[in-house]
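In the working numbering, the protein residues as written are 16 to 418. For every residue, glycine included, the Cβ atom is placed at its ideal position computed from N, Cα and C. First comes the structure, then the notes that go with it.
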Amino acid sequence: MSGHIAALLVGSKLRTVGVVVLALGVVAGGGVAVGVLGTPSVGDVENRFGAVNDSTTTIHTDLVVSNPNPVGVSLGGVTVSYDVRMNGVKMAEGSKAGVAVESGESTLSAETEMRNERISTWWRSHVENGEHSEVSVDATVRSSTLGRAADAPNVTRSVDTEMLAAFNSSETREVNANAPVVSDPVMYVNRTNASWGDVDESVTPLELRFVVYNPKPYPVTVSKLGYDIAMNDVAVGNGTTESEYVVAPKSTKTIEATTYVRNERLDEWWVTHLERNQVTDLRIDFAAQFDVGGGRTVDVPLDPLTYEETIETDIFGTKNGTAPTNGTDSGESETTTPADEETAEPPETTTAADSGGLLGGDSPDSEERTATPAETTAPTPTATTTPAETDDRTTTDDGLFAL
Numbered sequence: 016m017s018g019h020i021a022a023l024l025v026g027s028k029l030r031t032v033g034v035v036v037l038a039l040g041v042v043a044g045g046g047v048a049v050g051v052l053g054t055p056s057v058g059d060v061e062n063r064f065g066a067v068n069d070s071t072t073t074i075h076t077d078l079v080v081s082n083p084n085p086v087g088v089s090l091g092g093v094t095v096s097y098d099v100r101m102n103g104v105k106m107a108e109g110s111k112a113g114v115a116v117e118s119g120e121s122t123l124s125a126e127t128e129m130r131n132e133r134i135s136t137w138w139r140s141h142v143e144n145g146e147h148s149e150v151s152v153d154a155t156v157r158s159s160t161l162g163r164a165a166d167a168p169n170v171t172r173s174v175d176t177e178m179l180a181a182f183n184s185s186e187t188r189e190v191n192a193n194a195p196v197v198s199d200p201v202m203y204v205n206r207t208n209a210s211w212g213d214v215d216e217s218v219t220p221l222e223l224r225f226v227v228y229n230p231k232p233y234p235v236t237v238s239k240l241g242y243d244i245a246m247n248d249v250a251v252g253n254g255t256t257e258s259e260y261v262v263a264p265k266s267t268k269t270i271e272a273t274t275y276v277r278n279e280r281l282d283e284w285w286v287t288h289l290e291r292n293q294v295t296d297l298r299i300d301f302a303a304q305f306d307v308g309g310g311r312t313v314d315v316p317l318d319p320l321t322y323e324e325t326i327e328t329d330i331f332g333t334k335n336g337t338a339p340t341n342g343t344d345s346g347e348s349e350t351t352t353p354a355d356e357e358t359a360e361p362p363e364t365t366t367a368a369d370s371g372g373l374l375g376g377d378s379p380d381s382e383e384r385t386a387t388p389a390e391t392t393a394p395t396p397t398a399t400t401t402p403a404e405t406d407d408r409t410t411t412d413d414g415l416f417a418l
């Protein structure tokens, strides 16, 4: 008798459970049909940079999802998709499928891989846009069961830098040769200015102007000007301009030079920028060769003109926080798709080569880049001689030479 009673009780419980499950299914189905069940919405999106290596950068994303339904949503699965853009350049995109969203608010965590080679494309847009970038993150949550999608609030952030502002100076600086063939100072630099040129896929031109004064009673010729550009000790550009500028006695003259940042080296710099918590130390070193008459030349490091600037960014506005390590995901799969690589166009007439010093000679296997910037005449009426300037300016990637 007791066995029959137990069987009846178990059977009753099973039928009850079945009825409840069936009821929930009917309610869910009916809710979908009449629009009673709500679509989960995204209330907030937060992003942080994670691990970075030579080729990729990990972006952590946290999405705060609000589920208005009384039960969790894993009915057929929820998919989260998102992409990251900087100045409209798609840096990375990804999706996460089979996500379980509990009732109420919950946080979904995802990771996206960004190809570092995209940095040069973004850099170009940043410079062309006056060192200004708009960062945007778009995310969408879609329920296959409910057949609806919800867009997250469009997260945007402005990033501005001033890499060259401090180079614009009217401070007078002495140029000393510290050499027995000529007395010091050889020359004075009364003003310096810098601006970005027309950036292309390969190089970012940096247009420099120096207003110099010759205190000597004889002409002094600036026959070469060398430069070395580094960002966090990563060499991103170096070379030598070959144009000659004759500065008349007791007069001033404007010297123009075009230097180049090689965009192909920016992905290496990007790694150091993130490793240093989005901080970069920019440094530009100069050296010059002077003809001081009588067939005598002297190579002079232009230490007073060395330019140093610290650049700090907070691209997502969360760099002082901690990247998420887990979320409320259940049985999900994640797909990350770095943005497609764009095809680089060859630079217009521009030269570079690797050899020995900042004013050193070309190496046999060097790759040359030749530029033809406009020459300028002396800006003041005190210049009385005709500058012996050439029409073309050749830039040779040489690095700082040993004096």
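Cutting at 7 Å between CB atoms, please list the residues of its own chain near residue 174, excluding the five before and the five after it.
On the sequence shown, position 159 is the one that residue 174 refers to. Closer than 7 Å at the Cβ level, and outside the excluded window around residue 174, lie 148, 150, 328, 330.
Give me, in chain order, the residues of the same chain whose beta-carbon lies closer than 6 Å to that of residue 179; leave out the 5 immediate sequence neighbours on both sides.
Here the question's residue 179 lines up with position 164 in the sequence shown. Excluding positions up to five away in sequence, the list reads 209.
Here's the rule: buried if 16 or more other CB atoms are within 10 angstroms of the residue's CB, otherwise exposed. What is residue 220?
By 1-based counting over the sequence shown, the position of residue 220 is 205. Counting Cβ neighbours within 10 Å, residue 220 comes out buried, since at least 16 surround it.
Measure the C-alpha to C-alpha separation of residue 394 and residue 271 and round it to an integer number of angstroms.
Sequence index remark: in the sequence shown, residue 394 carries index 379 (1-based). Sequence index remark: in the sequence shown, residue 271 carries index 256 (1-based). With a pLDDT of only 37 at residue 394, under 50, the local geometry of the prediction cannot be trusted, and the value read off the model is given with reservation. Going from the Cα of residue 394 to the Cα of residue 271 covers about 12 Å.
Compute the Euclidean distance between the alpha carbons of residue 186 and residue 286, then round it to the nearest angstrom.
Locating residue 186 in the sequence shown gives position 171, counting from the first residue. Locating residue 286 in the sequence shown gives position 271, counting from the first residue. About 35 Å.
Neighbourhood of residue 246 by C-beta, 6 Å cutoff - its chain only, sequence neighbours within 5 removed
Looking up residue 246 in the sequence shown gives position 231. Here the set comprises 284, 295, 297.
Are residue 199 and residue 193 close, meaning C-beta to C-beta below 8 Å?
Numbered from its first residue, the sequence shown carries residue 199 at position 184. Numbered from its first residue, the sequence shown carries residue 193 at position 178. Contact: yes.
The stretch 256–275 / the stretch 314–323 touching (three or more Cβ pairs under 8 Å):
no
Hey, residue 218 and residue 133 are a contact pair by Cβ (cut 8 Å); roughly how many whole angstroms apart?
Within the sequence shown, residue 218 is the residue found at index 203, counting from 1. Within the sequence shown, residue 133 is the residue found at index 118, counting from 1. Not quite, the Cβ-Cβ distance comes to about 18 Å (not below 8 Å), so this is no contact.
Could you give the C-beta distance for residue 56 and residue 96, rounded to a whole number, given that I count them as a contact under 8 Å?
For the purposes of this step, residue 56 is identified with residue 41 of the sequence shown, where counting begins at 1. For the purposes of this step, residue 96 is identified with residue 81 of the sequence shown, where counting begins at 1. Contact flag wrong, Cβ pair sits at about 15 Å.
The alpha helix (DSSP H) with residue 63 in it runs from where to where?
To locate residue 63, count along the sequence shown from 1; it is residue 48. Not the alpha helix (DSSP H): residue 63 falls in the beta strand (DSSP E), residues 56–67.
Within a Cβ cutoff of 6 Å, which residues of the same chain sit near residue 280, ignoring the five residues on either side of it in sequence?
Residue 280 sits at position 265 when you count from the first residue of the sequence shown. Answer for residue 280: 251, listed in chain order.
Among the residues of its own chain, which have a CB less than 6 Å from the CB of residue 183, if the five just before and after it don't count?
Residue 183 sits at position 168 when you count from the first residue of the sequence shown. Closer than 6 Å at the Cβ level, and outside the excluded window around residue 183, lie 208.
Tell me which residues share the same chain as residue 455 and place their Cβ nearer than 6 Å to its Cβ, disregarding the 5 neighbours each side in the sequence.
Nothing can be reported for residue 455, as the shown portion of the chain is limited to 16 through 418.
Measure the alpha-carbon distance for residue 141 versus residue 255 and round it to whole angstroms.
The residue given as residue 141 occupies position 126 in the sequence shown. The residue given as residue 255 occupies position 240 in the sequence shown. For residue 141 and residue 255, the distance between alpha carbons rounds to 26 Å.
Considering just the uninterrupted stretch of the alpha helix (DSSP H) at residue 282, what are its terminal residues?
Along the sequence shown, one-based indexing puts residue 282 at 267. It spans 281–290 - the alpha helix (DSSP H) in which residue 282 sits, taken as one unbroken run.
Residue interval of the alpha helix (DSSP H) (run including residue 143)
Counting from 1 along the sequence shown, the entry for residue 143 is found at position 128. That run of the alpha helix (DSSP H) goes 134–143.
Evaluate residue 103 with the Cβ neighbour count: other Cβ atoms within 10 Å of its Cβ, from every protein chain shown; 16 or more gives buried, anything less gives exposed.
Position 88 of the sequence shown, counted from the first residue, corresponds to residue 103. Its Cβ having fewer than 16 others within 10 Å, residue 103 is exposed.
Using the Cβ count rule (16 or more neighbours within 10 Å means buried), how would you classify residue 233?
Taking the sequence shown and counting its residues from 1, one reaches residue 233 at position 218. It is exposed - the Cβ of residue 233 has fewer than 16 other Cβ atoms within 10 Å.
Would you report the Cα separation of residue 66 and residue 76, rounded to the nearest angstrom?
Working through the sequence shown from its first residue, we reach residue 66 at position 51. Working through the sequence shown from its first residue, we reach residue 76 at position 61. Using only the alpha carbons, I get a separation of about 13 Å.
If you follow the beta strand (DSSP E) that residue 205 is part of, which residue opens it and which one closes it?
Position 190 of the sequence shown holds residue 205. Residue 205 -> beta strand (DSSP E) spans 202–211.
Does the Cβ of residue 253 have 16 or more other Cβ atoms within 10 Å, making it buried, or fewer, making it exposed?
The residue you call residue 253 lines up with position 238 of the sequence shown. Buried is the call here.
Going by C-alpha to C-alpha distance, which of 201, 84, 216, 321 sits closest to residue 241?
The residue you call residue 241 lines up with position 226 of the sequence shown. For residue 241, the nearest C-alpha among the options comes from 321.
If you draw a straight line from the alpha carbon of residue 63 to that of residue 190, how long is it in whole angstroms?
One-based indexing of the sequence shown puts residue 63 at position 48. One-based indexing of the sequence shown puts residue 190 at position 175. Taking the straight line joining both Cα atoms gives about 46 Å.
Bridge-paired residues (DSSP) for residue 329:
As a working mapping, residue 329 is identified with position 314 in the sequence shown. Bridge partners of residue 329: none, in fact.
I'd like to check one pair, residue 125 with residue 109: are the Cβ atoms closer than 8 Å?
Working through the sequence shown from its first residue, we reach residue 109 at position 94. Working through the sequence shown from its first residue, we reach residue 125 at position 110. Going by C-beta atoms, residue 109 is nearer than 8 Å to residue 125.
Is DSSP giving residue 181 helix, strand or coil here?
Within the sequence shown, the letter at position 166 stands for residue 181. In the structure shown, residue 181 sits in a helix (DSSP, three-state: H, G or I).
Taking residue 223 as the reference, give the member of 159, 310, 269, 289 with the closest Cα.
Residue numbering aside, residue 223 sits at position 208 when the sequence shown is read from its first letter. Nearest C-alpha to residue 223: 269.
Between residue 158 and residue 282, what straight-line distance do the alpha-carbon atoms span, to the nearest angstrom?
Locating residue 158 in the sequence shown gives position 143, counting from the first residue. Locating residue 282 in the sequence shown gives position 267, counting from the first residue. For residue 158 and residue 282, the distance between alpha carbons rounds to 38 Å.
Is residue 215 helix, strand or coil when you go by DSSP?
For the purposes of this step, residue 215 is taken as the residue at position 200 of the sequence shown. The answer is coil: DSSP assigns residue 215 none of H, G, I, E or B.
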